[in-house]
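The next block holds one structure in the form of structure tokens; read it before the comments.
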Amino acid sequence: MIVMEIRHFYQVQDDFFDCFGKPEVTELHKLARVKELNKRLGLSNTYAFETFETNVL
Numbered sequence: 001m002i003v004m005e006i007r008h009f010y011q012v013q014d015d016f017f018d019c020f021g022k023p024e025v026t027e028l029h030k031l032a033r034v035k036e037l038n039k040r041l042g043l044s045n046t047y048a049f050e051t052f053e054t055n056v057l
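The sequence shown lines up with residues 1 to 57 when you count with the UniProt record's numbering.
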């Protein structure tokens with residue numbers, strides 16, 4: 001079970017950094033669209049919640 005939690009957290013963190021991380025690491029031609037979708041869907045809030053929940057556990 002803990003492996004699934006770690007995997008989930010890693011994926012959430014990876015997706016967040018793909019969007020809001022350093023542009024040198026992210027594919028620039030995809031960045032604008034991903035940022036737009038993340039903002040529209042409120043995924044920054046989801047990431048903050050997931051990070052909080054993980055740190056509380």
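Quick reminder that beta carbons are idealized off the backbone N, C-alpha and C, glycines included.
(request) Use the C-beta contact count for L43: other C-beta atoms within 10 angstroms, 16 or more gives buried, fewer gives exposed. (result) Taking all protein chains in view, the Cβ of L43 is crowded by 16 or more other Cβ atoms within 10 Å, so the residue is classified as buried.
(message) Would F16 pass as an interface residue toward chain C - the criterion being a Cβ-Cβ separation below 8 Å?
(response) Looking for chain C here will not work: only one protein chain is present.
(message) For C19 and V34, which I take to be in contact (beta-carbon distance under 8 Å), what is that distance rounded to the nearest angstrom?
(response) The C-beta distance from C19 to V34 rounds to 5 Å, short enough to fall under 8 Å.
(request) Taking only the alpha-carbon atoms, compute the straight-line gap between F17 and L37 and give it to the nearest angstrom. (result) Distance between the alpha carbons of F17 and L37: 14 Å.
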